[in-house]
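If you count by the numbering used here, then the sequence shown holds residues 62 to 522, one letter each, in order.
Glycine included, C-beta positions come from ideal geometry on N, C-alpha and C.
Owing to the predicted nature of the structure, the values given are computational and were not obtained by experimental measurement.
Taking it in order: structure first as structure tokens, then the write-up.
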Amino acid sequence: MAQHTPPRTGPTLRFLGGADTVTGSRFLVETASTRVLVDCGMFQGLKVLRERNRADFPVPPGSIDAVVLTHAHLDHTGYVPALVRDGFRGPVYATAGTTDLAAIMLPDSGYLAEEEARRAAHHGYSRHAAPRPLYTAADAERSLASFVPVDVDVPTAIGEDVRFTLVPAGHILGAAGVRLEVAGRTVRFTGDLGRRHDPLMHPPRPLERVDVLVSESTYGDRRHPQEDPEDVLADVVRRTAQRGGVVLVPAFAVGRTETVLYHLSRLIEAGRIPEIPVYLNSPMAVDAAAIYQRYPEEHRLDPAALRRMYALARLVRDPDESRLLNVRGGPMIILSASGMLTGGRILHHVASYGPDRRNAIVLTGYQAVGTRGSALLGGAESLRIFGQDVPIHAEVVSIDGLSAHADADELFGWMAAAPHPPQSTYLVHGERTASDALRARLQRTLGWRVRTPEHLERVRL
């Protein structure tokens, strides 16, 4: 058992990330003998947030007994390789689906970090003489040995005084909420909450009776549009193809890529868009496709629908083939990570096709403040890519209806249906305006005791 200084006031919860921002989910539960970290995410977006990734972890990694992950997205898992490298030696618990996805996502994250550091050093656009990655692909590979798959609804003990159970959350394959039982109290973490009528994923499990709720609030101040996302996608593909242009879809390699492919396959089958080439240019997304086929019980798609989706796209693995796409020209559709334009092959495509008015960039999910995707939503006329200012004249379209996050009404409805109000609710994983809007609604309408915690704040359980 790892050693640490026990809290003096009984069990506590400390917000090491995910408070005052959408990314970097990290929640530390401490008892007299045990430290459990729920999620171990990477901060993304604004530089002041990204710099938190480089700071010393708030507690010695070796003092943490276990990590429990809600799902595989990097803002919930992306710091695991650094934690293990810096001394964490306990298990990393997650569902089998999350474990399989992390096995491709974390090494890919390390590889991209190394590649970016090499490029920055070569072209001299880093303020550091010898830029270093946050961690390497080798660090990530080594961290995978710490993962321990756990089934949903199976209570698992950590030390002598903590027990956790994973609860289906929708959102993406493998996603789960975490219910912690500690000192006679039940603490429930939502992770990212999926949508009730998501075309791919099953809805999240209803909220049970809990003492403390720690809920995401990404879309706490907005509703997803009522328009059919397929209609919006069809319109932008048709008009871009008529211009002979390229449709670029920055998509999260896990979850959003499958959603976009699903809608494109339906549109082509119905004859609503022309049959132009579709390229899936993300090795990670290609690997994730096989994982979705491995867990048919976790999503709504039958084998035939999955086959149609992946038969639609030409899978690109080779870097040379990826570079050729930049000179191929349209009409065509390219899906490539990352969804918020924070890195990956999509940046090369945006640098090549963003300056041309015939082309289109389709944003398909939440864009955290400080990311290039957020800048595009705000009307930016250029993006800083690989140390250069790239003019953006391509049409920019946002389709919020493709998001895998519950919106404000879905979050509120999920909480309002609870059999009993929690004694305390903490809203995390949202920009301040989103979290505060949901806080006010829960307090006014349900009379709940709700707070939006501060970064590094500690509360008693």
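For residue i, three-class secondary structure by DSSP
i	result
phenylalanine 104	coil
methionine 62	Note that methionine 62 has pLDDT 49, beneath the 50 cutoff, so the model's placement of it is unreliable and the number below is only indicative. Note: methionine 62 maps to coil in three-state DSSP.
leucine 241	strand
alanine 346	helix
phenylalanine 149	coil
phenylalanine 447	coil
threonine 138	helix
arginine 526	With the chain covering 62 to 522 only, the question about residue 526 has no answer from this structure.
phenylalanine 473	helix
valine 120	coil
arginine 384	helix
arginine 442	Looking at the sequence shown, residue 442 is not arginine but glutamate. Coil, per DSSP.
alanine 174	helix
arginine 180	helix
valine 321	helix
glycine 462	helix
tyrosine 427	coil
aspartate 169	helix
arginine 257	coil
valine 109	helix
leucine 548	Any answer about residue 548 is impossible in this case: the structure gives the chain only from 62 up to 522.
alanine 366	helix
First through last residue of the beta strand (DSSP E) which encompasses residue i
i	result
methionine 401	Premise fails: methionine 401 is in no beta strand (DSSP E) and is neither H nor E.
glycine 78	73 to 78
alanine 198	That residue, alanine 198, is in no beta strand (DSSP E); its alpha helix (DSSP H) goes 198 to 204.
proline 229	223 to 229
alanine 218	217 to 219
Bridge partner(s) assigned by DSSP for residue i
i	result
tyrosine 280	Asp468
valine 209	Tyr154
alanine 421	Val308 and Glu456
tyrosine 340	Arg375 and Ile395
serine 485	Val273
glutamate 91	Thr73 and Arg96
histidine 360	Met262
valine 129	Val99 and Tyr154
phenylalanine 313	According to DSSP, which records beta bridges pairwise, phenylalanine 313 is partnered with nothing at all.
arginine 519	Arg75
Residue i and residue j closer than 8 Å at C-beta
i	j	result
glycine 171	glycine 148	no
glycine 151	valine 430	no
histidine 232	aspartate 468	no
aspartate 253	histidine 516	no
alanine 366	leucine 328	no
aspartate 126	isoleucine 219	yes
valine 223	threonine 432	no
aspartate 214	valine 248	no
leucine 173	leucine 205	no
glycine 281	leucine 499	yes
valine 120	tyrosine 154	no
histidine 409	leucine 309	no
aspartate 161	isoleucine 352	yes
valine 339	leucine 373	yes
tryptophan 475	leucine 268	yes
isoleucine 460	proline 290	yes
proline 392	glycine 305	yes
leucine 488	serine 276	yes
glutamine 208	alanine 237	A small correction: the amino acid at residue 208 is phenylalanine; glutamine does not occupy that position in the sequence shown. No, the pair does not count as a contact, with Cβ atoms beyond the cut-off.
glycine 586	glutamate 177	The structure shown has nothing for residue 586, since the chain only spans 62 to 522.
threonine 156	proline 210	yes
valine 604	glycine 491	Outside the modelled stretch of the chain, which goes from 62 to 522, sits residue 604, for which no answer is possible.
Start and end residues, alpha helix (DSSP H) containing residue i
i	result
threonine 494	493 to 507
serine 413	407 to 414
valine 293	290 to 303
arginine 249	First-last for arginine 249: 246 to 250, but that is the beta strand (DSSP E), not the alpha helix (DSSP H).
arginine 433	433 to 438
Distance cut-off 7 Å: residue i Cβ against heavy atoms of the ligand NAD
i	result
leucine 322	Inclusion of the ligand NAD in the displayed structure is not the case, the ligand content being empty and no account of it being possible.
With a threshold of 8 Å, are at least 3 pairs of Cβ atoms found where one atom belongs to the stretch 307 to 318 and the other to the stretch 393 to 405?
yes
Pairing CB atoms from the stretch 445 to 459 with CB atoms from the stretch 415 to 435, are three or more of them under 8 Å?
The count of Cβ pairs closer than 8 Å, one atom from the stretch 445 to 459 and one from the stretch 415 to 435, reaches three, so the stretches are in contact.
For the stretch 371 to 388 against the stretch 332 to 345, do three or more pairs of beta-carbon atoms, one drawn from each stretch, fall closer than 8 Å, so that the two count as touching?
yes
Can you confirm whether the stretch 107 to 122 touches the stretch 227 to 241 when touching is taken to mean that 3 or more C-beta pairs between the two stretches lie within less than 8 Å?
no
The stretch 92 to 100 touching the stretch 383 to 398, judged by at least three CB pairs closer than 8 Å
Here the stretch 92 to 100 makes no contact with the stretch 383 to 398; the two share fewer than three CB pairs at distances below 8 Å.
Across the stretch 126 to 136 and the stretch 75 to 89, are there enough close Cβ pairs to call them in contact, namely three or more that are closer than 8 Å?
Three or more Cβ pairs closer than 8 Å define a contact, and the stretch 126 to 136 meets that threshold against the stretch 75 to 89.
Count the CB pairs spanning the stretch 193 to 201 and the stretch 260 to 274 that are closer than 8 Å, and state whether there are at least three.
no
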